[in-house]
Amino acid sequence: MAELDFYLTENKYLNQNPNFHRISNFFIFMTDHYVRIYKFNYAKFQRIWQVYADVNSIRFKRTYIDQSKFYNHYTIGVLHCKVKNRDITYFMYFFKDLKVKKVNYYVPIHLFLIYVNNSILCAGKTHLYYVNDFVKKIYLPNIKYISIDWYHKNQLFLYSKGKVYLFNLSNSYLKLIKRPENFVKQNFFFDKISQEYLVHDKYGDMTKLKFDNFETSKLIHAKSTKITKIIICQSRIIIGFITTEQKIDKLALVKSIFTQEKYIYSTQKKYWFKSDKSLTRYMPLMSTHSGDFTFLGQSKFSDDKSGHNTMNTMILIRKNSKHYISFSQGDEWSKLSDIQNSYNSILKYYYLYSYAMIQIPIKNYFKAYFSFDNFHHVNNLYQGVMAHYNIMVNNDMALVLMYTTTNAVVSFDGCRSWNILKNYSPNYIHYFYFEEPFYAYYKSGNLIISQINKIDLTTRHIHLKNINKCRQNSISTITNCDYGYTYTYSVNLDKNIYDYEYCYLTKYQLVAQRNITCQCLNTDYSCAHGYVIQEKTKLCYLPNNRNRKRIVCLNGKNVRLDPMGYEEVYDSNYYSSFCMANLFNFVSDNMTCHELDIHFNKNKHIFSKMAFSSFKRLPEVIGALEITNTETLLGKLNDSTFIFFLNCFDDILSNAAILFDVLQMKKLNMKFGSSKIKKFVEALRTNEHFEGIIERTNNILNSNDIDYHVTLLRRQINYKAKFFEIVDNVLVTLRERFAFMEEYNFFELIDITKFNEFSILFPAHHISALNSIYHDIFDISSLTSK
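Anchor point for the sequence shown: position 306 equals 306 in the working numbering, and the numbering is continuous, going up by one each time.
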C-alpha cells in the first residue's frame, strides 16, 4: 500500500452571512432586493443569473429528484417573488447547468416538481401545471403519486382519488385509464398505494388491494402485527412487519403476486411455505429446519448496459447468525462469511463505480465491506471507518475517499486498491468538514477536493499531488471468457515497485465491458420465466411438462433440452462452463467455454472470480439465421469473384470522379467535354486495363491468406468476358447520356474568356443552334447585334 502526498489550503471570500441556498455547486443569494445565482467552478464564484425583486417578496423552495434509471440526481427549485408589484414564478433546473423558465403569475406548488423532456410538471392542490415554452393549467385535484414511463419518456401517470390518469407530454393531453387496478399491479404506484393501505391501516388488511390470486398469511392479518415497510423487487414484494411480542422486523417474500405462484415468508419459530418444491429455486436458503431470517437492508439500482432500463434490488438478510445477499431479487443468494452479526446494516450499490458496499454500524464508526460479488473486509487496511465518500471529477469517475480513526485512504480504481494519505491527522477532520458537500477538479497538475463553508463562504482545499487521468497503457485488464466481459481491475506499477503511477479511472473504464471476441458467440442465456434450473445438468425445464425437448448443439455436443426455456441475458450465473449462445444453432461449431478462476494479490483488494450477478438484458434477440450464416457471409466477402467485381467498379468510379472534376473546370466548353468523355470510354475497354484489375485482385487475396488465385487461362477468359460486359454496359449508358452534346455547343456564347475571339470572327452556327432549340425565347437579331 502506497502513501500519497497531499496538503491543505484555505481561501475566504465573504465575511458576511447572507441568506442563501446551496444546490450542488450552485449558490442562490437572496436579499431584500435581488436574487443572484453563482456557480462555484475551479475555486471561483461565477455569477450566472440574477433578478431584482420587491422587498420581502422573495420565497424559494426546492425538490430533490433522483431519476436513478438514468443516473441523474438533480434539483428543481421554484422562486416566488414580485417584480414591479407583479407576481412572478421562476422554475429552476439544477444539474450540470442552470435552466430557468419564467411564468408571469403565481404558481402554487403543493406536491411535487419533476423535470422530464425539457419540461417541468408540478401539482397544486386543485390543478396540474405543465411548464414548457408555455404554461398549461389542468384541473386535477388531490394528486398523490406520479409515475413516469421511462421507456417512452413522453408520457407519465398520475394517481388521484383512486383513479389513474395518463398525461401525454408531447400534446399535454390528459386521459383517464378505465381499469386502473390492472395498471397499478405492474407499475411503480404499487409500493406507494400498498404502503398507504397497509402501513397506515391498523391491521394491514391486504384484501383492500383487490389483486387477483393473492394469498397472504394469517399472521399479517393478526391484530398483533403491523406492516412497517413495503419494498418492490420487480415481480415480487418484500413486506417488513413487527409483532407486539417481538419488536424485530421480519421478512415476507411474495413471489410473483400477479401470477398464480405461491409465496413464502418466515416467522420467529419456523418457516412456512407451500409444498411446491420449485420454490426452493427462488429461495435456496429455505428449509424445513427451525430458525429465522431477518431483513437487514436493500438498495435499488438500475442497469442499462443492454440498452434497456431495468430496475434491480440488492437485498441483505441475516439467517441463523449468518449473512446472505442477493443481487437478483431473491432468485440467487450468496453467503457472506466474513460479515459478523449486526442489525441496522446499511446496504449501498454504486452503479457508476461498479461496486457494492455494506456498512455495519459499531458505536461511533462502522465496518465497511466492498465487493463486486463477494464481500471482503480488509482488516490490515483500516479499523473503525468514520465516513466513506465518492468524489467525482468533471462529472466523471474519480476516486473513493474514506477516513478512519487513525488515517485516511483513497482509491482510484473503484475500491480495488487503496492508498494512504501521507501525514494525515484526525485534526484534519475539524479543518475539512467531510459531512458537508465537496467537489473535485484539476488545477496546476493537482487533483483538488474543494469545500465551501456555509457560514462565511470559506473554501478549503485538499490537494492530491500529481494525479492524472489513467492512460490506456497504464490500465491492466483481464478477460473472463465464461461471461464474456473484459474487466479493468488495477493500475500498473513501474519497474520500481515503490514508484507508483497515480491516476484515476473514469466510470467508463471501471464498468465491465462486453467482449465480443470472447463471449459465447452472440448471446448468453438464462432460464426463462416459469422454468426451473436442474442442479446437476444446469439445464432449464418446465415443471410438470418434460416432453417439450429437442436436440440442439450445446457446448459442441448434441443435448436434448427445451429451447423455449431460455432467455437472453448479458451475464449468466447459471452457466459457468456452458456456452448457451449456440442453443438455437443446429450446426455444431468449435466454440467451447471453460470455467475460469481469476486470482489476484490480496493486498491489492482484488477478488477472485469477478462476475456481475444482476441480469443485463440485450436490446434484441439475435436470430438463429444470422448466427449460423456468419461464416458463410465471411466466405462470400473473401470470394475472388466478389473482390474482382469490387475492383472493376472501384476502377471505373474512381476514374469517373477524376473526369467529373475536369469537366467542372471546363463546363462551358462542350467540345472539350465531349472529347474527354470519348477518351474515357476508349480507355476503359482495353486488355491492359483488365490485366491491372486481375493483378490487384490477386494482391488482395494474397493479403487475406486466401489460397485462390486467378491464374488458370479458362478462369481468366471467364473474368475477361464479365469485365467487358460491365464495360460495354457503362459505354452504352455514357453514349446515350451524352449523344446530344454537340447540339449545345452554343453555351460558348456566354464564355467570357472567348469574347475577344468572337469580336474578330463571330460563331454564327452557335446562333443557329440556339435559335433551333429556343426560338420562342430569344430575339436572334438583337442578340447577334449586341
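Even glycine gets a Cβ: it sits at the ideal position worked out from N, Cα and C.
| query | result |
| --- | --- |
| Using CA atoms only, rank isn't needed, just tell me which of R59, K469, K39 and Y7 is closest to N19. | R59 |
| Note the first and the last residue of the continuous beta strand (DSSP E) segment covering W22. | A small correction: the amino acid at residue 22 is Arg; Trp does not occupy that position in the sequence shown. It spans N19 to I23 - the beta strand (DSSP E) in which R22 sits, taken as one unbroken run. |
| Give the C-beta separation of V135 and V103 to the nearest angstrom, bearing in mind that I take them to be a contact with Cβ-Cβ under 8 Å. | 5 Å |
| Going by other Cβ atoms of all chains shown within 10 Å of its Cβ, with 16 needed for buried, is A657 buried or exposed? | exposed |
| Could you give the C-beta distance for H463 and Y34, rounded to a whole number, given that I count them as a contact under 8 Å? | That pair is no contact at about 35 Å. |
| With distance defined between alpha-carbon atoms, name the residue in A721, P426, I467 and E691 nearest to V393. | I467 |
| So the candidates are P108, T733, H127 and V131; which of them puts its Cα closest to the Cα of V116? | V131 |
| In its own chain, which residues sit with a C-beta less than 7 Å from the C-beta of N655, not counting the 5 before and 5 after it? | F680 |
| Grouping DSSP H, G and I as helix and E and B as strand, with all else coil, what is H689? | helix |
| With 16 as the cutoff for other CB atoms within 10 Å, does K367 come out buried or exposed? | buried |
| When the Cα atoms are used, what is the spatial distance from Y145 to V410? | 41 Å |
| What is the DSSP secondary structure of R416, counted as helix, strand or coil? | coil |
| How would you write the range of the beta strand (DSSP E) that L855 sits in, first residue to last? | Residue 855 cannot be examined here, being either before or after the span of the chain that is shown, 1 to 786. |
| Hey, how far is the Cα of C540 from the Cα of K163? | 41 Å |
| When we look at the beta-carbon of Q664 and count the other beta-carbons within 10 Å, is it buried (16 or more) or exposed? | exposed |
| The beta strand (DSSP E) with Q842 in it runs from where to where? | The requested residue 842 does not occur in the structure, where the chain is confined to residues 1 to 786. |
| In the DSSP assignment, the beta strand (DSSP E) including S119 goes from what residue to what residue? | S119 to A123 |
| Please report the straight-line C-alpha distance between S417 and P361, rounded to a whole angstrom. | 23 Å |
| Would you call the CB atoms of S450 and Y442 closer than 7 Å? | no |
| According to DSSP, is L447 helix, strand or coil? | strand |
| Tell me where the beta strand (DSSP E) around Y90 begins and ends. | D87 to F94 |
| Just to confirm my understanding: we take E3, look at its own chain, exclude 5 residues before and 5 after, and list those with CB closer than 6 Å. What are they? | I420 and K422 |
| Answer yes or no: do F412 and Y355 have a C-beta to C-beta separation smaller than 7 Å? | no |
| Does F644 pass the burial test, meaning 16 or more other C-beta atoms within 10 Å, or should it be called exposed? | buried |
| Would you mind stating whether T506 and D396 have Cβ atoms separated by less than 7 Å? | yes |
| Starting from M392, follow the beta strand (DSSP E) in both directions and report where the run begins and ends. | V385 to V393 |
| Which complete alpha helix (DSSP H) runs does the stretch 632-664 hold, if anything under 4 residues is left out? | none |
| Out of K99, I452 and V400, which one is the CA nearest neighbour of H21? | I452 |
| Can you tell which of K44, F45, E10 and V51 has the C-alpha that lies nearest to the C-alpha of M30? | V51 |
| Could you tell me if G77 is buried or exposed, where buried requires 16 or more neighbouring beta carbons within 10 angstroms of its beta carbon? | buried |
| Could you tell me which residues DSSP puts in a beta bridge with Q509? | None; Q509 has no bridge partner. |
| Indicate the three-state DSSP secondary structure (helix, strand or coil) for R62 in the structure shown. | strand |
| Specify the secondary structure class of D54 as computed by DSSP and reduced to three states. | coil |
| Answer with buried or exposed for R460, where buried requires no fewer than 16 other C-beta atoms within 10 angstroms of its C-beta. | buried |
| State the Cα-Cα distance for the pair N603 and Y428, rounded to the nearest angstrom. | Only weak support exists for where N603 lies, its pLDDT of 30 falling under 50; the value from the coordinates is given anyway. Cα to Cα, the separation comes out at about 27 Å. |
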